Amino acid sequence: MAARRISSLLSRSLPLISSDGKKSYFGRRIYRYSTAAALEDPIKPPVTVEYDKLLINGRFVDAASGKTFKTLDPRTGEVIAHVAEGDAEDINRAVAAAREAFDVGPWPKMTAYERSKIMFRFADLVEKHNDEIAALESWDNGKPYEQSANIEIPKVVRIFRYYAGWADKIHGLTIPADGPHHVQTLHEPIGVAGQIVPWNFPLLLFAWKVGPALACGNTIVLKTAEQTPLSALLVSKLFHEAGLPPGVLNVVSGFGPTVGAALCSHMNVDKVAFTGSTETGKVIVELAAKSNLKPVTLELGGKSPFIVCEDADVDKAVELAHSALFFNQGQCCCAGSRTYVHEKVYDEFVEKAKARAMKRTVGDPFKSGTEQGPQIDAVQFKKILRYIRSGTESGANLEAGGDKLGTKGYYIQPTVFSNVKDDMLIAKEEIFGPVQSILKFKDLDEVIRRANNTQYGLAAGVFTQNLDTANTLMRALRAGTVWINCYDVFDAAIPFGGYKMSGNGREKGEYGLKNYLQVKAIVTTLKNPAWL
Amino acid sequence: MAARRISSLFSRSLPRIGQKSYLGRGIYQYSTAAALEDPIKPPVNVEYNKLLINGQFVDAASGKTFPTLDPRTGEIITHVAEGEAEDINRAVAAARKAFDEGPWPKMTAYERTKIILRFADLVEKHNDEIAALETWDNGKLYEQSAEIEVPMFVRLFRYYAGWADKIHGLTIPADGPQHVQTLHEPIGVAGQIIPWNFPLLMFAWKVGPALASGNTVVLKTAEQTPLSALHVAKLFHEAGLPPGVLNIVSGFGPTAGAALCSHMDVDKLAFTGSTETGKVILELSAKSNLKPVTLELGGKSPFIVCEDADVDQAVELAHYALFFNQGQCCCAGSRTFVHEKVYDEFLEKAKARALKRTVGDPFRPGMEQGPQIDAEQFEKILKYIRSGTDSGATLETGGDRVGAKGYYIQPTVFSDVKDDMLIAKDEIFGPVQTVLKFKDLDEVIRRANASRYGLAAGVFTHNLDTANTLMRALRVGTVWINCFDTFDATIPFGGYKMSGQGREKGEYSLKNYLQVKAVVTQLKNPAWL
Chain L
1 MAARRISSLL SRSLPLISSD GKKSYFGRRI YRYSTAAALE DPIKPPVTVE
51 YDKLLINGRF VDAASGKTFK TLDPRTGEVI AHVAEGDAED INRAVAAARE
101 AFDVGPWPKM TAYERSKIMF RFADLVEKHN DEIAALESWD NGKPYEQSAN
151 IEIPKVVRIF RYYAGWADKI HGLTIPADGP HHVQTLHEPI GVAGQIVPWN
201 FPLLLFAWKV GPALACGNTI VLKTAEQTPL SALLVSKLFH EAGLPPGVLN
251 VVSGFGPTVG AALCSHMNVD KVAFTGSTET GKVIVELAAK SNLKPVTLEL
301 GGKSPFIVCE DADVDKAVEL AHSALFFNQG QCCCAGSRTY VHEKVYDEFV
351 EKAKARAMKR TVGDPFKSGT EQGPQIDAVQ FKKILRYIRS GTESGANLEA
401 GGDKLGTKGY YIQPTVFSNV KDDMLIAKEE IFGPVQSILK FKDLDEVIRR
451 ANNTQYGLAA GVFTQNLDTA NTLMRALRAG TVWINCYDVF DAAIPFGGYK
501 MSGNGREKGE YGLKNYLQVK AIVTTLKNPA WL
Chain S
1 MAARRISSLF SRSLPRIGQK SYLGRGIYQY STAAALEDPI KPPVNVEYNK
51 LLINGQFVDA ASGKTFPTLD PRTGEIITHV AEGEAEDINR AVAAARKAFD
101 EGPWPKMTAY ERTKIILRFA DLVEKHNDEI AALETWDNGK LYEQSAEIEV
151 PMFVRLFRYY AGWADKIHGL TIPADGPQHV QTLHEPIGVA GQIIPWNFPL
201 LMFAWKVGPA LASGNTVVLK TAEQTPLSAL HVAKLFHEAG LPPGVLNIVS
251 GFGPTAGAAL CSHMDVDKLA FTGSTETGKV ILELSAKSNL KPVTLELGGK
301 SPFIVCEDAD VDQAVELAHY ALFFNQGQCC CAGSRTFVHE KVYDEFLEKA
351 KARALKRTVG DPFRPGMEQG PQIDAEQFEK ILKYIRSGTD SGATLETGGD
401 RVGAKGYYIQ PTVFSDVKDD MLIAKDEIFG PVQTVLKFKD LDEVIRRANA
451 SRYGLAAGVF THNLDTANTL MRALRVGTVW INCFDTFDAT IPFGGYKMSG
501 QGREKGEYSL KNYLQVKAVV TQLKNPAWL
């Protein structure tokens, strides 16, 4: 859905860009970006921050330490709000509340139908407050408001309705035995789930994690990213208005080394799910191993290939490859960040990809028609600029972009490198920014080998109309998702997750439930069974 | 199946026991004469004692060997090639090649099925020889090996052979014009580490689903019991298994095991063993390439005898739940909770049953209990027995070794056991039954769950409400009701809490060896969505 709606959004926005029409020739065929919006004063977001404390046992409370931290507006680097900063002691309080709500109830002792009704009511409330939530998300994160309001918040609603529908469809099996036994399995909630969500899609990842965990009857302690603590607090308030009992969903804002580590090491947490970097994922598994061996779901980094085959309609391939990389300021774990183009269409593709990048409107995410907002923060901003310098220094051709935009906030020019080689840093590491790397290939076996030659295995894009090519790549690519003639299609029903060092487990879809269920086998001796 | 067949085996053996003599204090003499005789010569020769890499038996790169011992005597059976990191590298390279280039995952599932079925036939044909080797190396009863474990090994491989061509993905409804499907793909090279208590059964639990799903394997056996896996793996190649698909490296945890867990070209780990080692394995995975890990670890499983129990039947089942396999079961029913109304009668009969248990040479027909696996376990168990006495539990029977040779231990029963005693908290992994008293259901649920483990539980009742309540309230991976140790191939097995992660056996186990790939294709003018 994302791809479809985004591309229609983008195609809607194209006329706005060309109406600016200020392309001018700078020699070396570098065009000016449509960046006027980035240089104007920031638009005042149509929302106020109402919730900035920790949410523990159904109440907004200060941190035990009384500490707060600042959450910043990526457009300016200025403070939006001061948010209560959780620490180990707050995690203890939150886990105790979640433990009580699990062990004593009411959450897992309710009927599945009651749980589903609360989740449906929550989805209705989010739908009702769509624009307000979207504005808060864009303010804290910097993503285009149209993307938040037209795609992401509706998708949060969609995902909660999807998982609400699963609550009363969690079936165990009855199993044939080799003797006079009755065998059945129960799929039970696992207990208290610790969940850690990242800053790039704060609410979507909230939905991916909280949706299946609550549908299955678990209780939760959620840690948000320190860059984007606001939207989760707002929707959690709505969840309680929808009838969620206290203690079922606790939200602790704060930092990884304090709050995150305390959650992962906690002996009363039965499960951890994490989305973020591969390096942090490794630490999380170690903390789980050193404490109580809680099972861990990981959704980590990627360096996903987008493969444009020789039969490709180049205009369409350029548009899709562009959106596969630049969507959400390039801040996607599954970004199509290695654009492999067949040599027969390579030159035309590079020319048009460059032109497309230069037409990309960068500016205030609250301005209508903006395709790209600022990067999340100074750390990411500097890291991306460093990768861009590395690309140039390692001999790749900088076709477009390559610098920051304006003097305020964290805007970066849509950047395109051609002539990229597999061993360059920009072709190997996750940049997490608006930097497209274009690589040339000759034949299918070669591109399969090169595409798979990475520690990651999150996703891949394939652009072809040839059925044999599609079928070959579909099986040969060692990645958790293969999008063929589409990208970033993120329906609630489609499982998502990584091969290799891109993660463990699958989120979304039916597969996402098993992260939050224990399987219990029950074996009873039968007397005089009528059948076996 | 195990429960049924074993209990019928045991009831057959009961008449042959029974030379009790009264020694005062209600302590009867064990039927342990057999343990004191000279060991019976096993009816089998050791034919394979090297590493199996890429279809060939080879020496360790270092040339080193280690002795594997007969638990009846502590004497050397044979010297076995000792694999280390370099051998793991060679084995992983072979498995990698057999996976990446084929033929294994590139064969049809039906071809893989046929090879696995032929292997099962061969094992069945060599049943007694394999059983003898297993008993020699492990010390478990030959009757148990020959009549239960090797047949169950065959059963497991036939079960998984049948799964190979039934690994289905899903087609999935989309919210827009896309065609969505999932492929369940083999994960790649699987590293598998198996323990010494059921060497062949654990081989089957691990190798069966991995190969059926199209993976290739590097298997590390336990250093106490390297022999049977080499023997059956040879038969697997006779059945047509291509070289490199199944590689076996004998050796030790800190060398071969750690190298396997840390290897960057291994895509998956599965381990059965102690919780402490499981934690190390997960850390090694995290520090290397984040390979997913399946863990089947320790337990301290409650066996709950309710007030309505037929005491004679409960005693027999509880006895078997603990003492089976010399008490060397991760799921042993090692906390026997008995309702206060039947406690005294239960205790008297449990003691009498333990006293009747025949301990002796596992090759001798009619034995119920052989030696423990090795000196280390033997010493550890005796230490726990001393701890039980020291902490104030009542030693009802047993408590010492049997004979002067090998690792035989008396069937031991403690009563008056309290929840906070070490013998009620730690995994003893030996023939030591601890009997605890309870008053009501809520109390026993709370106490049964107050453990870091959550592997299994036994429930003995005919009251449907009690069974239904306990079935849901116990935080464990398996609940056996009026049975114990029923281990059909179809029944998933695994732990809650620190007893492990993931499930083995049954349909559930396939997912340990499969990656899920979502494939989404754009549709033009779809006829339906």
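Chains as they are written, first to last, in full-length UniProt numbering: chain L, 1 to 532; chain S, 1 to 529. Just so you know, even glycine gets a beta-carbon here, dropped at the ideal spot from N, CA and C. On a predicted model such as this, the values are computed, not experimentally measured, just so you know.
Exercise for the section: Answer with yes or no whether the minimum CB distance from Pro295/L to chain S is below 7 Å. Expected result: Numbered from 1 along the first sequence, position 295 holds the residue referred to as residue 295/L. Output row for Pro295/L: interface = yes.
Exercise for the section: Can you give me the Cβ contacts of Ala239/S inside the same chain, cut-off strictly under 6 Å, excluding the 5 residues immediately before and after it? Expected result: The residue given as residue 239/S occupies position 239 in the second sequence. Result list for Ala239/S: Ile115, Arg118, Phe119, Leu122, in chain order.
Practice task
Return the CA-CA distance between Ile248/S and Ser288/S, expressed in angstroms with no decimal places.
Solution key: By 1-based counting over the second sequence, the position of residue 248/S is 248. By 1-based counting over the second sequence, the position of residue 288/S is 288. For Ile248/S and Ser288/S, the distance between alpha carbons rounds to 22 Å.
Exercise for the section: Determine the contact status of Arg360/L and Glu351/L, defining contact as a CB-CB distance below 7 Å. Expected result: The residue labelled residue 360/L in the question sits at position 360 within the first sequence. The residue labelled residue 351/L in the question sits at position 351 within the first sequence. No, the pair does not count as a contact, with Cβ atoms beyond the cut-off.
Problem - Segment contact, 8 Å Cβ cut-off, at least three pairs: the segment 456-464 of chain S with the segment 361-379 of chain S - result: no
Exercise for the section: Would you kindly work out how many angstroms separate the C-alpha atoms of Glu376/S and His231/S, rounded to a whole number? Expected result: Taking the first residue of the second sequence as position 1, residue 376/S is located at position 376. Taking the first residue of the second sequence as position 1, residue 231/S is located at position 231. The straight-line gap from Cα to Cα measures roughly 26 Å.
Exercise for the section: Return no unless some Cβ of chain S is closer than 7 Å to the Cβ of His181/L. Expected result: Here residue 181/L refers to the residue found at position 181 of the first sequence. So, interface residue.
Handout entry: Interface flag, Arg121/L vs chain S, CB-CB below 7 Å
Key = Taking the first residue of the first sequence as 1, we reach residue 121/L at position 121. No, because no Cβ of chain S sits closer than 7 Å to the Cβ of Arg121/L.
Exercise for the section: With a threshold of 16 other CB atoms inside 10 Å of the CB of Leu467/L, please say whether the residue is buried or exposed. Expected result: Reading the first sequence from its first residue, position 467 is the one you call residue 467/L. When all chains shown are included, Leu467/L counts as exposed.
Practice task
Could you check the C-alpha separation between Tyr407/S and Gly273/S for me, to the nearest Å?
Solution key: To locate residue 407/S, count along the second sequence from 1; it is residue 407. To locate residue 273/S, count along the second sequence from 1; it is residue 273. Cα to Cα, the separation comes out at about 21 Å.
Exercise for the section: Step through the CB atoms of chain L and report whether any lies within less than 7 Å of the CB of Ile130/S. Expected result: Taking the second sequence and counting its residues from 1, the one referred to as residue 130/S is at position 130. No, because no Cβ of chain L sits closer than 7 Å to the Cβ of Ile130/S.
Problem - Best match in Thr278/L, Met501/L, Thr524/L for proximity to Asp265/S [C-alpha to C-alpha] - result: By one-based count along the second sequence, residue 265/S stands at place 265. It is Met501/L.
Exercise for the section: Check Ile118/L in the structure and name its three-state DSSP category. Expected result: Sequence index remark: in the first sequence, residue 118/L carries index 118 (1-based). Ile118/L falls in the helix class under three-state DSSP.
Handout entry: Other residues of its chain near Asn452/L: CB distance less than 8 Å, five sequence neighbours each side excluded
Key = Translated into the one-based positions of the first sequence, residue 452/L becomes position 452. Only Ala476, Leu477, Arg478 meet the Cβ criterion.
Practice task
Give, in chain order, every residue of the segment 154-184 of chain S whose Cβ lies closer than 8 Å to some Cβ of chain L.
Solution key: Arg155, Leu170, Ile172, Pro173, Ala174, Asp175, Gly176, Pro177, Gln178, Val180, Thr182, Leu183
Handout entry: Whole-angstrom distance between Tyr516/L and Pro212/L, CA atom to CA atom
Key = Within the first sequence, the letter at position 212 stands for residue 212/L. Within the first sequence, the letter at position 516 stands for residue 516/L. About 7 Å.
Practice task
Indicate whether at least one CB of chain L lies closer than 7 Å to the CB of Leu269/S.
Solution key: Indexing the second sequence from 1 puts residue 269/S at position 269. Not closer than 7 Å to any Cβ of chain L, the Cβ of Leu269/S fails to qualify, so no.
Handout entry: Spatial neighbours of Asp308/S in its chain, beta-carbon cut-off 7 Å, leaving aside the 5 residues before and after
Key = Locating residue 308/S in the second sequence gives position 308, counting from the first residue. Closer than 7 Å at the Cβ level, and outside the excluded window around Asp308/S, lie Thr461, His462, Asn463.
Problem - For Leu526/L, the three-state DSSP class (helix, strand or coil) - result: Along the first sequence, read from residue 1 onward, the residue named residue 526/L stands at position 526. In this structure, Leu526/L counts as coil in the three-state DSSP scheme.
Problem - Backbone secondary structure at Ser145/S - three-state DSSP - result: Taking the first residue of the second sequence as 1, we reach residue 145/S at position 145. Correct three-state label for Ser145/S: helix.
Problem - Interface positions of the segment 186-207 of chain L facing chain S (Cβ-Cβ less than 9 Å), listed along the chain - result: Leu186, Glu188, Ile190, Gly191
Practice task
Kindly list, in the order they appear in chain S, the residues whose Cβ is closer than 8 Å to that of Asn504/L.
Solution key: Translated into the one-based positions of the first sequence, residue 504/L becomes position 504. Per Cβ cutoff of 8 Å: Leu290, Pro292.
Practice task
Compare the C-beta of Glu286/L against all C-beta atoms of chain S and say whether one is closer than 7 Å.
Solution key: Position 286 of the first sequence holds residue 286/L. Yes - at least one Cβ of chain S is within 7 Å of the one on Glu286/L.
Problem - Host beta strand (DSSP E) of Ser265/L (start-end) - result: Position 265 of the first sequence holds residue 265/L. Careful: Ser265/L lies outside any beta strand (DSSP E), inside the alpha helix (DSSP H) at 261-265.
Exercise for the section: Select from Leu422/S, Pro195/S, Ala352/S, Glu149/S the residue whose C-alpha is nearest the C-alpha of Gly388/S. Expected result: One-based indexing of the second sequence puts residue 388/S at position 388. Here the closest residue by C-alpha is Leu422/S.
Exercise for the section: Inspect the beta-carbon positions of Tyr411/L and Val362/L and report whether they are closer than 7 Å. Expected result: Working through the first sequence from its first residue, we reach residue 411/L at position 411. Working through the first sequence from its first residue, we reach residue 362/L at position 362. Contact: yes.
Practice task
Could you check which residue in Ser509/S, Lys497/S, Val516/S, Glu507/S has the C-alpha nearest to that of Gly505/L?
Solution key: Translated into the one-based positions of the first sequence, residue 505/L becomes position 505. Closest by alpha carbon: Val516/S.
Problem - Contact set between the segment 397-411 of chain L and chain S, restricted to residues whose Cβ is under 9 Å from the partner - result: none
Problem - the segment 482-498 of chain L: positions lying closer than 8 Å to chain S by Cβ - result: Val482, Trp483, Ile484, Asn485, Cys486, Val489, Asp491, Ala492, Ala493, Ile494, Pro495, Phe496, Gly497
Problem - Start and end residues, alpha helix (DSSP H) containing Lys206/S - result: Your numbering for residue 206/S matches position 206 in the second sequence. Residues 199-212.
Problem - Where the beta strand (DSSP E) through Lys220/S begins and ends - result: Within the second sequence, residue 220/S is the residue found at index 220, counting from 1. Taken as a continuous stretch (DSSP letters only), the beta strand (DSSP E) holding Lys220/S covers 216-220.
Problem - Alpha-carbon spacing of Glu47/S relative to His168/S, whole angstroms - result: What you label residue 47/S is simply residue 47 of the second sequence in a count that begins at 1. What you label residue 168/S is simply residue 168 of the second sequence in a count that begins at 1. If you take the alpha carbons of Glu47/S and His168/S, they lie about 40 Å apart.
Problem - Pro212/L - containing alpha helix (DSSP H), residue span - result: The residue you call residue 212/L lines up with position 212 of the first sequence. Element bounds for Pro212/L: 202-215.
Exercise for the section: May I have the straight-line CA-CA distance separating Ala492/L from Pro198/L, to the nearest angstrom? Expected result: Mapped onto the first sequence, residue 492/L falls at position 492. Mapped onto the first sequence, residue 198/L falls at position 198. Looking at the two C-alpha atoms, the distance is approximately 18 Å.
Handout entry: Val489/L beta carbon less than 7 Å from that of Ile307/L
Key = Locating residue 307/L in the first sequence gives position 307, counting from the first residue. Locating residue 489/L in the first sequence gives position 489, counting from the first residue. For Ile307/L and Val489/L, no; Cβs fall outside 7 Å.
Practice task
Sort Ile388/L, Arg338/L, Lys383/L, Arg121/L by Cα distance to Gly401/L and report the nearest one.
Solution key: Here residue 401/L corresponds to residue number 401 of the first sequence, with the count starting at 1. Minimum Cα distance to Gly401/L is reached at Ile388/L.
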